[in-house]
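First residue of the sequence shown? That's 1 in my numbering, and the numbers climb one at a time after it. We put the CB at the ideal spot given by N, CA and C, even for glycine. Have a look at the structure below, then the notes.
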Amino acid sequence: MGVGFLHGYLPQGISRDYVIRPTKVRILVTDESLFPKSIQEELENDLRIKFEVTVTRDWNSIQAKVIASPSQDILLLPSYWAHTMNRQNLLFVTSENSLSLKIAPDFLDPVITNRSLYFYPLYWMKTGFKTTGNASFEDFLKDKKATTLFLLNDEDLLLNHFQIWQDKGWLALVQQKKILTLPLDRLVLNDKLEGASELPLNESNPDLTVQDDLSALLVWGAAIPAASDKKELAIEILTALTANSIQEQNLMKTPFNSTLQELTTPTLPPQRRATHIRELKLKGTILIGTKNLEAPKKLRDEFNLIL
């Protein structure tokens, strides 16, 4: 009765969300950079919900949280992880039109039928290696005074790197270095460079050694688990997360580039936009298609790298 009275009395009534909106949404992220605290608080205030955020890169833990019923409600993860989950029928497939997301066509799978989506690409990044004195990566490996190699802690990318270095005959030199794997946010802040570091190619790192066989193109985005009981609310949250105002402020605080066609604000450097990917030479660049479930074991057994 009180809600009905206020609904008729107040100029704009009372939203039904005050009555039935779920109070907590479970969101799982594989890197804190994908969902900064400031963005979380802004969305909580705007949408009048609370997020329960889990940060993990443990594949078994993620699968357990996705298979559970009810499961996590939103996943923020690499594209090839989502592709692997979709092959296991773990993700919710929806129409592209259900989300007002202006994705640049470069990032949409050409085999999409009926414009249905299970993964919403939000960010992309191409990597390269920055070395002391801007030496080539091979010269860094031969330099006995340069001791440390910093790598992104993505086991699939790490396995690709080591396999390539093995094929080029560099493996023994690589294994003489001290190898440290770091999450993306810590890798970007690694300004005390001691040797070589894998970093995003952007305006902050214009002098990276970006040889084809040392570079990788990575895409991150969002997916909704099929076992989520809040699919409509998840779509509403993703719609808010992809608003230009949210995306622009997030991009300027992170090393990511945008996949959204509409983001052309002058404050965003051209190389951070979706259209810049067309100018990159991607032949020979590492493109990971699916999650390699054996990657940690192969890194340990074949290359003596324990994550």
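Nonlocal neighbours in the same chain, by C-beta distance under 7 Å from residue i, ignoring five residues either side
i      : result
Ala68  : Ala227
Trp165 : Leu171, Val174
Leu141 : Trp170, Leu173, Val174
Ile277 : Asp106, Trp124
Ile179 : Leu149, Leu151, Leu305
Enclosing alpha helix (DSSP H) for residue i [first to last residue]
i      : result
Ala234 : 231-241
Ser197 : Unbroken run through Ser197 is the beta strand (DSSP E), 195-200; no alpha helix (DSSP H).
Lys145 : Per DSSP, Lys145 belongs to no alpha helix (DSSP H) and is neither H nor E.
Arg300 : 295-303
Thr84  : 79-87
Ile164 : 155-167
Val188 : 184-188
Leu173 : 171-174
Residues near residue i in its chain [Cβ-Cβ closer than 8 Å; skip 5 each side]
i     : result
Lys50 : Thr23, Lys24, Val25, Glu44
6 Å Cβ shell around residue i - same chain, five flanking residues per side excluded
i      : result
Lys102 : Leu260, Gln261, Glu262
Leu76  : Val29, Leu34, Phe35, Ala222
Phe39  : Reading off the sequence shown, one finds Ile at residue 39, where the question assumed Phe. Result list for Ile39: Asn250, in chain order.
Val188 : Pro255
Ala146 : Thr132, Phe140, Gly195
Environment of residue i [buried if 16+ CB atoms lie within 10 Å]
i      : result
Ile237 : buried
Gly169 : exposed
Lys126 : buried
Asp202 : Note that residue 202 is Asn in the sequence shown, not Asp. By the neighbour-count rule (16 or more Cβ atoms within 10 Å), Asn202 is buried.
Met85  : buried
Arg272 : buried
Ser204 : exposed
Gly284 : exposed
Ile306 : exposed
Val3   : Legend: pLDDT at Val3 = 48, less than 50; position of this residue unreliable, value from coordinates given subsequently. Exposed, by the Cβ-count rule.
Leu299 : buried
Inter-residue Cα distance where the pair is residue i and residue j
i      : j      : result
Lys42  : Glu155 : In the sequence under discussion, the amino acid at residue 42 is Glu, which differs from the Lys named in the question. Spanning the two alpha carbons is a distance of roughly 32 Å.
Phe162 : Gly289 : 17 Å
Thr56  : Asp31  : 7 Å
Glu194 : Ala82  : 34 Å
Lys297 : Leu90  : 24 Å
Ser71  : Asn134 : 47 Å
Pro78  : Asn244 : 21 Å
Asn304 : Thr239 : 43 Å
Asp58  : Leu151 : 18 Å
Asp73  : Glu138 : 45 Å
Bounding residues of the beta strand (DSSP E) (the contiguous stretch that carries residue i)
i      : result
Lys126 : 120-131
Ala216 : 216-223
Val55  : 50-55
Leu28  : 24-29
When the options are compared against residue i, the one with the closest alpha-carbon
i      : options                        : result
Thr181 : Leu171, Gln175, Glu198, Gln166 : Glu198
Tyr120 : Phe92, Ala146, Leu299          : Phe92
Lys144 : Pro255, His83, Leu173, Leu218  : Leu173
Leu251 : Tyr123, Thr148, Leu141         : Tyr123
Asn153 : Arg186, Ser38, Val53           : Arg186
Tyr80  : Asn304, Arg300, Phe303, Ile286 : Ile286
Gln176 : Leu158, Leu149, Leu157, Pro200 : Leu149
Leu282 : Ser215, Thr132, Glu294, Thr54  : Ser215
Leu47  : Leu233, Thr267, Thr132         : Leu233
Leu184 : Leu218, Leu159, Leu208         : Leu218
Pro266 : Glu248, Glu279, Leu280         : Glu248
Closer than 7 Å: residue i CB and nearest the ligand NAD heavy atom
i     : result
Val66 : Looking for the ligand NAD in the displayed structure turns up nothing, as the structure carries no ligands at all.
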